[in-house]
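Visitor: Quick one: this structure, given as structure tokens, is what I'll be asking you about.
Chains as they are written, first to last, in my numbering: chain C, 1 to 83; chain W, 101 to 183; chain S, 201 to 283; chain U, 301 to 383; chain G, 401 to 483; chain X, 501 to 583; chain V, 601 to 683; chain H, 701 to 783; chain Y, 801 to 883; chain Z, 901 to 983.
Following this line, the structure appears as structure tokens:
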């Protein structure tokens, strides 16, 4: 069973496009980048990730995304099926 | 050209599943509900909406989503293509 | 592979002990309650949960914990192995 | 159909007038600057933008405004017709 | 010399359109309502007011706008010419 | 008709007295400094300004006060007669 | 030696004028009300109090002001001479 | 070895004196009330407690103080000797 | 009549003990340091000061405490007798 | 009687794994590190400490944890038995 998560990224002012592009070019060994949108609102980029388990998702966020230049903060929302 | 947005929904404590289900059953004249996930983190439900223009997207948020029982606050992030 | 999480619970003023006791008596079909501590600080009760997958962990939080009398807010921190 | 937005700009302390002037002189390929006011209150400059679509509006905010010296943070409010 | 101000209005969830409409129908003895937009973002309605002096602007905000059903909070930004 | 305002000043830690003194010595072409108090509480200095109109008051805040060494943030409260 | 303080009052929405009037009519046994201004900004009324000592100032705030209908929160800034 | 703590109490508006008096009259089986001060600032009452161990201190806060009428929130700071 | 106050000190991370020690060694011409505790919780050091009047207390906070290396922010709560 | 506490650690962006590893390798003279988890959510690492008394627990937090490279802020929640 895979794990899916939304990563809400805040960037330094003026760096939104560059961060969005960098995330689109991530070649991750941990997770698949399913979608990347630069957005208006309190966040600057929303990333949808999918991984085989929670550890790989965590590694992708901390290794692939948080280390990019211009990333200031990330907030992760994991999809859970409550039905 | 269509407009896409992420609606980050906060629900009353204990109402996440009910709100998620209600959003999944929305029959909107204003927008298409592309995806609905109940999530962990500071938000409880993330909705992806698509509409023909910004006004219809706004109507869907205020009429379709904000009026549901248990919805406490919504934050909207609109996808913008900066390339 | 199991999922482990810390649920940081804020209670209504004066309800900490009652909420702590109620969580200790949870008989959950979704998750195992590994530890429960009433605590000082910005949170009132810290719960350690373990479940077979993220969905069951989510169901335990929303069904078992958030519906208890006196629970005001929960914040979930999921253990991830980044090594 | 055009898109209109209010951009609420916070500047570094003592930079309000300079930022206001710089925005008034923007020659944007993405959007029209309809009005610029330096203001009292929690924001320092309020800009009214109009663009042919949301993407151009987003480009104007990130390319034209956020890159100006002294701009610390921007908050965007897009006009939506809910009637 | 007239005074102009932006009133950033937060409404109760689900009341944005009703509040926007009510403000559009204000017949004020204190100020002119120059523009009203329902908006996305942290605010729900942005009103542009103009009055003969600051006292009349203040009266319009407290008497005309804050007393409307569904208005939760207002933030005022007054235009100042720093040139 | 004159405009009166309270400027609530936050200073860098340890700079309260120096900022208070600097404000007391302001020779402004825009406004009269009616009173200056160094204070306890969430603010460090409270200044009462009076000007012939809002623009001059704004110029005094941004030119006379915000440019002083040690000033970190200012919050302005304008007196309005609502009677 | 007297004590002087600024009391920054937040009122319920729509109650600013009533609270301002009520404070102007205070007949206090504890302190003198030196000035009362209804204001724009994050506060609604600013009161300047003077008392023979800190205890009387405190009594005036808690007995005279905080008990008035429509007062939601008060923040006190006491004048201190640091020279 | 005893445990000492400062309990920073926020009360409902207008209830500071009553809460301060109630705490002064506490006859606790868990802790000794060493000092009680009604105060200005972001808190309303500061209580100094001493107990034989952390559990008794915790019981005193939740049973003796948090259950009093008018208490809205408590923040506890425990004395630690770092030398 | 003397003035007593609690100064709630936040220090830079890792500097709590050094700041606590420095405050214990203050030789103030303005106030007596009655007690100093390094603490857990949102603050790092709690200082109890006593001075002959409010001005001297204020001078002690701004000159004696705020100028110490590692002090990031102070919050003052003055004891008031409301009885 | 021992003291147990949860230390909720926030790290600089991109430093979660390194801080988690450093805490796992702590050889403390003050406390035992019972468990360390890198986590998702508003905190990055959750540490469970146990010490012979509160002073030793405090020393471990300030000396062992807060001095590590990449630690930005810690929040401590002490276990209390309220039964």
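Built from N, CA and C at the ideal position, the CB exists for glycine as well.
For a test of the three-state rule: what should DSSP assign to residue 52 of chain C, helix, strand or coil?
Guide: Coil at residue 52 of chain C, not helix or strand.
Visitor: Hey, is the region 563-576 of chain X in contact with the region 309-325 of chain U, meaning 3+ C-beta pairs nearer than 8 Å?
Guide: Output reads yes: the region 309-325 of chain U touches the region 563-576 of chain X.
Visitor: Residue 517 of chain X CB to nearest chain V CB: under 7 Å?
Guide: Answer yes: the Cβ-Cβ gap between residue 517 of chain X and chain V drops below 7 Å somewhere.
Visitor: Once you ignore the five residues that flank residue 18 of chain C on each side, which residues in its own chain have a CB closer than 7 Å to its CB?
Guide: Only 70 meet the Cβ criterion.
Visitor: Does DSSP put residue 76 of chain C in a helix, a strand or coil?
Guide: Three-state result, residue 76 of chain C: strand.
Visitor: At the level of alpha carbons, what is the spacing between residue 39 of chain C and residue 407 of chain G?
Guide: Residue 39 of chain C and residue 407 of chain G: Cα-Cα distance of roughly 25 Å.
Visitor: May I ask you to report which of helix, strand or coil DSSP gives residue 283 of chain S?
Guide: Residue state, collapsed to three classes: coil.
Visitor: Look at residue 120 of chain W and residue 178 of chain W and say whether their C-beta atoms are less than 7 Å apart.
Guide: Contact flag unset, no.
Visitor: Give the DSSP-derived three-state secondary structure of residue 921 of chain Z in the structure shown.
Guide: It is helical.
Visitor: So, residue 390 of chain U versus residue 181 of chain W, is the Cβ gap smaller than 7 Å?
Guide: Nothing about residue 390 of chain U can be reported from this structure: the residues present for chain U run from 301 to 383 only.
Visitor: In chain S, which residues lie with their C-beta within 7 Å of the C-beta of residue 762 of chain H?
Guide: 214, 216, 217, listed in chain order.
Visitor: I need the DSSP call for residue 703 of chain H, collapsed to helix, strand or coil.
Guide: Note: residue 703 of chain H maps to strand in three-state DSSP.
Visitor: Assign residue 883 of chain Y to one of two classes, buried (16 or more other C-beta atoms within 10 Å of its C-beta) or exposed (fewer than that).
Guide: It counts as exposed.
Visitor: Can you tell which of G:463, G:442, G:433 has its C-alpha closest to the C-alpha of residue 451 of chain G?
Guide: Cα-wise, what sits closest to residue 451 of chain G is G:433.
Visitor: If we call anything under 7 Å between Cβ atoms a contact, is residue 26 of chain C one with residue 64 of chain C?
Guide: It is a contact, given that the beta carbons lie within the stated cut-off.
Visitor: Quick check: residue 331 of chain U and residue 348 of chain U, are their CB atoms within less than 7 Å of each other?
Guide: It is not a contact, given that the beta carbons lie outside the stated cut-off.
Visitor: Candidates X:567, X:568, X:509, X:529: which alpha carbon is nearest residue 537 of chain X's?
Guide: Closest by alpha carbon: X:509.
Visitor: Quick check on residue 211 of chain S: does DSSP put it in helix, strand or coil?
Guide: Looking at residue 211 of chain S - three-state DSSP - the assignment turns out to be strand.
Visitor: Can you tell which of G:423, G:461, G:467 has its C-alpha closest to the C-alpha of residue 403 of chain G?
Guide: Among G:423, G:461, G:467, the Cα nearest to that of residue 403 of chain G is on G:461.
Visitor: Closer than 7 Å, Cβ to any Cβ of chain Y: which residues of the region 539-554 of chain X, in chain order?
Guide: Per Cβ criterion, the list reads 540.
Visitor: Can you list, in chain order, the residues of its chain whose CB lies under 7 Å from that of residue 959 of chain Z, leaving out five sequence neighbours each side?
Guide: 930.
Visitor: Going along chain W, which residues have a C-beta under 7 Å from residue 267 of chain S?
Guide: Near residue 267 of chain S (Cβ distances below 7 Å), the residues of chain W are 114.
Visitor: Go through its chain and collect everything with a Cβ distance to residue 968 of chain Z's Cβ below 8 Å, but skip five positions before and after it.
Guide: Closer than 8 Å at Cβ, skipping near neighbours: 919, 922, 923.
Visitor: Locate the beta strand (DSSP E) running through residue 137 of chain W, then write down its first and last residues.
Guide: Looking at the DSSP string, the run of the beta strand (DSSP E) that includes residue 137 of chain W is 132-138.
Visitor: Taking C-beta pairs closer than 8 Å, name the residues in chain A that residue 872 of chain Y reaches, listed in chain order.
Guide: Among the protein chains of the structure shown, namely C, W, S, U, G, X, V, H, Y and Z, there is no chain A.
Visitor: Where does residue 826 of chain Y fall in DSSP's three states?
Guide: Here residue 826 of chain Y sits in coil by DSSP.
Visitor: From residue 941 of chain Z to residue 646 of chain V, what does the alpha carbon distance come to, in whole angstroms?
Guide: Going by the C-alpha atoms only, they are around 40 Å apart.
Visitor: Quick one: residues in its chain with C-beta nearer than 7 Å to the C-beta of residue 701 of chain H, no 5 flanking neighbours on either side, listed in chain order?
Guide: Result list for residue 701 of chain H: empty, nothing under 7 Å.
Visitor: Using DSSP bridges, identify the partner residues of residue 346 of chain U.
Guide: In the DSSP output, where bridge partners are listed per residue, residue 346 of chain U has U:308, U:337.
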